[in-house]
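First up is the structure itself, then whatever we jot down about it.
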Amino acid sequence: MTELRTQFTRFLETRNYAPGTIYRYVLTVADLAQHYHRRPDRINDEEVQNSP
1 MTELRTQFTR
11 FLETRNYAPG
21 TIYRYVLTVA
31 DLAQHYHRRP
41 DRINDEEVQN
51 SP
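The numbers in the UniProt record's numbering rise by one with no breaks, and the one at position 19 of the sequence shown is 19.
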């Protein structure tokens, strides 16, 4: 697991998100990164809002 994914997962866990929700959120962010061929922290807000 990458450091960024680990940080995101821990962030969600500390806020008591359900395991299934964390799983879906992580997959969604991974899909977004794959779509833009960039790390999630390199994708801007406008791209997220305009994603398919």
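Just so you know, even glycine gets a beta-carbon here, dropped at the ideal spot from N, CA and C. A quick note: this is a predicted structure, and the numbers were derived from the prediction, not measured.
Check, Outcome
"Leaving aside the five residues before and after Glu-47 along the sequence, list all residues of the same chain whose C-beta is less than 7 Å from its C-beta, in chain order.", "Tyr-36"
"I'd like to know whether the C-beta atoms of Asp-45 and Leu-4 end up nearer to each other than 8 Å.", "no"
"Are Arg-39 and Ala-30 close, meaning C-beta to C-beta below 8 Å?", "no"
"Which ranges would you report for the beta strand (DSSP E) in the UniProt domain \"Integrase SAM-like N-terminal\" (4-49) if only whole runs of at least 3 residues count?", "none"
"If you draw a straight line from the alpha carbon of Ala-18 to that of Thr-6, how long is it in whole angstroms?", "16 Å"
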